[in-house]
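Visitor:
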Amino acid sequence: ATAVGLENIAIIQEQNRVANADAMGEVLRAELAPLADHPMVGEVRGIGLIAAVQFVANKDRRERFDPEGKVGTFFFERAHEHGLIIRNIKDAVAFCPPLIITEEQVREMVARFKKTLDDTYAFAQAEGMIKA
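184 is the number of the first residue of the sequence shown in the working numbering; add one for each residue after it.
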């Protein structure tokens with residue numbers, strides 16, 4: 184097991200995967216940043232190649248959805264229909280793409296996220312969960 188772990192580290196170093204993760208993390212954050220203006224997005228956060236988007240019922244008051252987790256679960260299920268694999272933590276969505284991701288793949292991932300966000304916003308509105 185140790186030999187396999189060491190070989191994995193060697194491959195990561197040889198293929199410069201840490202630098203790729205840094206560069207693709209910048210692309211990911213740049214692609215997600217405009218979503219901070221969406222009426223259902225309370226926060227976009229991230230470091231390196233890990234990011235998250237927090238959903239809120241009221242943007243101005245940063246009010247959470249009631250019941251908590253319903254919107255995130257809808258998003259999670261709808262994301263799969265758009266071919267996007269994400270993880271929701273209640274009403275936040277986490278991005279943890281692989282170190283080998285390309286810029287084109289990051290942009291495609293965010294495009295699928297946006298489609299899912301639009302679907303989820305329509306769902307939350309229809310359910311009366313968005314608060315003005």
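Ideal Cβ placement from N, Cα and C applies to all residues, glycine included. Model, not experiment: these values are computed from the prediction.
#1: Leaving aside the five residues before and after Phe306 along the sequence, list all residues of the same chain whose C-beta is less than 6 Å from its C-beta, in chain order.
#2: For a test of the three-state rule: what should DSSP assign to Glu310, helix, strand or coil?
#3: With which residues is Glu226 paired in a DSSP beta bridge?
#4: Count the other CB atoms within 10 Å of the CB of Val187; is the residue buried (16 or more) or exposed (fewer)?
#5: When we look at the beta-carbon of Ile269 and count the other beta-carbons within 10 Å, is it buried (16 or more) or exposed?
#6: Could you give the distance in angstroms between the alpha-carbon of Tyr304 and the alpha-carbon of Ala216?
#7: Counting Cβ pairs, one atom from each stretch, are 3 or more of them under 8 Å apart for the stretch 199-216 and the stretch 279-297?
#8: Along the chain, where does the alpha helix (DSSP H) that runs through Ile195 open and close?
#9: Going by the CB atoms, is the gap between Leu282 and Asn203 shorter than 8 Å?
#10: Whole angstroms are fine: how far does the CA of Ile313 sit from the CA of Arg228?
#11: State the DSSP-derived secondary structure class of Glu246, mapped to helix, strand or coil.
#12: For Arg200, collect the residues of the same chain with a Cβ closer than 7 Å to its Cβ; drop the 5 residues on either side in sequence, then sort them by chain order.
#13: In the structure shown, what three-state DSSP assignment does Ala315 receive?
Guide: Let's see:
#1: Against the sequence shown, residue 306 aligns to sequence position 123. Sequence-distant Cβ neighbours of Phe306 in its own chain, meaning closer than 6 Å and more than five residues away, are Phe257.
#2: The residue labelled residue 310 in the question sits at position 127 within the sequence shown. Note: Glu310 maps to coil in three-state DSSP.
#3: As a position in the sequence shown, residue 226 is number 43, starting the count at 1. Note: Glu226 sits in a beta bridge opposite Gln237.
#4: By 1-based counting over the sequence shown, the position of residue 187 is 4. Flag for Val187 reads exposed.
#5: Taking the sequence shown and counting its residues from 1, the one referred to as residue 269 is at position 86. Label assigned to Ile269: buried.
#6: Counting from 1 along the sequence shown, the entry for residue 304 is found at position 121. Counting from 1 along the sequence shown, the entry for residue 216 is found at position 33. Their backbone Cα atoms lie some 18 Å apart in a straight line.
#7: At 8 Å Cβ cutoff, the stretches touch.
#8: Residue 195 sits at position 12 when you count from the first residue of the sequence shown. Ile195 -> alpha helix (DSSP H) spans 185-197.
#9: In the sequence shown, residue 203 corresponds to position 20, counting from 1. In the sequence shown, residue 282 corresponds to position 99, counting from 1. Result yes, Cβ atoms of Asn203 and Leu282 sit closer than 8 Å.
#10: Position 45 of the sequence shown holds residue 228. Position 130 of the sequence shown holds residue 313. Between Arg228 and Ile313, the C-alpha separation is close to 22 Å.
#11: Position 63 of the sequence shown holds residue 246. The answer is strand: DSSP assigns Glu246 an E or B state.
#12: As a working mapping, residue 200 is identified with position 17 in the sequence shown. The beta carbon of Arg200 lies closer than 7 Å to those of Leu282, Ile283 in the same chain, with the five residues before and after it left out.
#13: Mapped onto the sequence shown, residue 315 falls at position 132. Ala315: coil per DSSP, three-state reduction.
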